[in-house]
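Asks: Pasting a structure below so you can have a look.
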């Protein structure tokens, strides 16, 4: 075990787009665990567009400050334990930030007993998969025969939402940002149709792909894509408000979703926001059982986009904000002992 | 029975505020009912802010055109019947427009058997009361102990929403437009607090009136009042989208509710629009029974704002758009025979 710890500090606050210059890699002494604590070695780091929102203001967590080690969801291994809850070798999940080693309070860790590739526990069997599962089925109440549209469809959450909707007998249309992703969604993931929000005829193509309107719109992006989807909703449609990626990496967010609340009244539409970590904390096991079942019988395909090495974290996150990833982007830092 | 019919025609389309010059009163021959039809005498006309929206675009009804007799909800009496469903003397409700006499298809009429003042069937025992009842309890899922805020609180729907919420054990805060209305809401209707959206310290006063945040915001107005309420919502709060009065009488509506969808995600908020006429058509009897019960035991106070004579209809509606009414505004046209 190295006596040193590499960590990514926040070196500046983005005023417009996030850039690599907003981060600085530094090497310091490995921290020491005290009584009741554990020392963890970070193995995998999750790259989530929502991390950009953490710079803007307090969200479900305090706002990021200059000097912070960049926070982020991780998988890690316990390498030193001074508590009864965890033993050396245990695999844990938690917000352990962009670094090699971290001293953690056991209350902030969740034990993972992996029987699949470890990375899966940060994608389909982590917050991403649970967000897709509960967002689509519980918040959105998607039912067989309905039309489900998901934005950022080739992303981590979207690619799972569409597949789970297909497993529930829905017609599934993905919104993404390129012809390559459109092709991937329909030919590889089994989506019924895919449209690009960069297409000049975006609204027309979305309407054509949803001849009876949208019953459930799973929204990861907000902005003008949400405006367009709202205009194609069916009566009594549901909008699952999961993310606002289009508005994170900018200093000039749009004022609000166009036509809200008028369009909600005219079509009896429900918009509902949620955070799976808090709203579904007591139902995670249910979601994980369902997701594991689909993985085991081969009906759910996991798309992971892995970058190698802690040094790749800043560019990895910036890539997510620019939509270059296909599936769940993660940084592989180290292998378990 | 007069051989003549007075009717208010739409003489022009408002580009900004609705004015009396957009209407023209004309006198024509009384229409003749054919086989299967009934001739009705209009008794009461409902004045609803939503009527202004009918000028803007197709809503739950076709958009108003120049030359139309101004549509509107009415109570009427059958004065000639050529069908089996209705007899002379029957009291009916329906959209019979701003006029003395109208020939109607029986399928568009609903029979009223009044055992209370007739006007009540256009206010608390009509669409207004049902909107308050189902909007608060079913769409908003208001529960005892929760904080309910309603805008246009001194208006037709708002004054009922607040009273029904009190009957359900909620803390009730009204948003209105003047100190006189604030006083009326708290001293006459039993609201716990009332704030004016015209107060410079509106947001601060709303926060003080809702120390634990807003659990249910019953929104009749949209616009900046909705923006403010959204910023004071409690976790898992519900916004009942009932009306957008602030945006009807203008050619420059705001783009959309500020911060939507981001604020919905951060606080797990639900926004839901509804139209009681369609969404609750099969549950009207349930709502009417509850409302009649509260009227009979004196626990619900009816606030009606009556103008005398068909000729008052245009100024009556313009007054509603300017918020001059207290309670449900109606035009009294004639008494039943």
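Chains as they are written, first to last, in this note's numbering: chain A, 59 to 395; chain B, 59 to 395. No residue lacks a Cβ here, since even glycine has one placed at the ideal position from N, Cα and C.
1. Who pairs with residue 386/B in a beta bridge, going by DSSP?
2. Spell out the partners DSSP gives residue 81/B in its beta bridges.
3. Quick one: which residues of the segment 277–290 of chain A get their C-beta closer than 7 Å to a C-beta of chain B? List them in chain order.
4. Report the option in 72/A, 312/A, 272/A and 309/A whose CA atom is closest to the CA atom of residue 295/A.
5. Below 9 Å between beta carbons: does that hold for residue 212/A and residue 384/A?
6. Should the segment 286–302 of chain A be called in touch with the segment 314–330 of chain B, which here means at least 3 C-beta pairs below 8 Å?
7. Between the segment 324–339 of chain B and chain A, which residues of the former have CB atoms less than 8 Å from a CB of the latter, in chain order?
8. At 9 Å on the CB atoms, spell out the chain A contacts of residue 302/B, in chain order.
9. Roughly how many whole angstroms lie between the Cα atoms of residue 290/A and residue 254/A?
10. Ends of the beta strand (DSSP E) at residue 314/B?
11. I think residue 81/B touches residue 68/B, with their Cβ atoms under 8 Å apart; what is that distance to the nearest whole Å?
12. When you compare the CB of residue 305/B with every CB in chain D, is at least one pair closer than 9 Å?
13. Are there 16 or more other CB atoms within 10 angstroms of the CB of residue 393/A, so buried, or fewer, so exposed?
14. For residue 297/B, decide whether its Cβ has a neighbour in chain A, counting only Cβ atoms nearer than 9 Å.
15. Find the residues of chain A that neighbour residue 314/B, judging by a C-beta separation of less than 7 Å, and give them in chain order.
16. Could you work out which residues of chain A lie near residue 118/B, taking near to mean beta carbons separated by less than 8 Å?
17. Assuming residue 127/B contacts residue 95/B (C-beta within less than 8 Å), just tell me the rounded distance between them.
18. Check whether the Cβ of residue 110/B lies closer than 9 Å to any Cβ atom in chain A.
19. Starting from residue 232/A, follow its DSSP beta bridges and name the residues at the other end.
20. Please determine, among 215/B, 192/B, 174/B and 337/B, the residue with the shortest C-alpha to C-alpha distance to residue 415/B.
21. Cβ of residue 294/A less than 9 Å from any chain B Cβ?
22. With residue 281/B as the anchor, note down where its alpha helix (DSSP H) starts and where it stops.
23. Which runs of the alpha helix (DSSP H), 4 residues or longer, sit entirely within the segment 172–228 of chain A?
24. The alpha helix (DSSP H) spanning residue 135/A covers which residue range?
25. Skipping 5 residues on each side, what residues in its chain have a beta carbon closer than 6 Å to that of residue 112/A?
26. Quick check: what's the CA-CA separation for residue 396/A versus residue 63/A?
27. Do you know how far the Cα of residue 388/B is from the Cα of residue 303/B?
28. Can you list, in chain order, the residues of its chain with a C-beta nearer than 7 Å to that of residue 141/A? Leave out the 5 residues immediately preceding and following it.
29. Looking only at its chain, what residues have a beta carbon closer than 6 Å to the beta carbon of residue 219/B, apart from the 5 residues adjacent to it on each side?
30. Hey, residue 65/A and residue 134/A: beta-carbon distance below 9 Å or not?
31. For residue 364/B, I'd like the list of residues in its chain whose CB is within less than 6 Å of its CB, leaving aside the five on either flank, ordered along the chain.
32. Buried or exposed: where does residue 166/B fall if 16 or more other Cβ atoms within 10 Å of its Cβ makes it buried?
33. Note down, in chain order, each residue of its chain lying with its Cβ closer than 7 Å to the Cβ of residue 247/A, except the 5 sequence neighbours on either side.
34. For residue 104/B, does the three-state DSSP call read helix, strand or coil?
Replies: Based on what the coordinates show:
1. 362/B
2. 68/B
3. 277, 280 and 284
4. 272/A
5. yes
6. yes
7. 324, 325, 326, 327, 328, 329, 330, 331, 332, 333, 336 and 337
8. 319, 320 and 323
9. 15 Å
10. 314–316
11. 7 Å
12. Of the protein chains in this structure, namely A and B, none is chain D.
13. exposed
14. yes
15. 313, 314, 315, 316, 317 and 318
16. 324
17. Not really, about 17 Å apart at Cβ, beyond 8 Å.
18. no
19. 208/A and 252/A
20. Residue 415/B lies beyond the stretch modelled for chain B, which goes from 59 to 395, so this question has no answer here.
21. yes
22. 281–288
23. 185–192 and 214–225
24. No alpha helix (DSSP H) contains residue 135/A, which is instead part of the beta strand (DSSP E) from 131–139.
25. 122
26. The question about residue 396/A has no answer, for chain A in this structure spans 59 to 395.
27. 17 Å
28. 94, 95, 96 and 164
29. 190, 194, 208 and 276
30. no
31. 388 and 390
32. exposed
33. 217, 220, 221 and 359
34. strand
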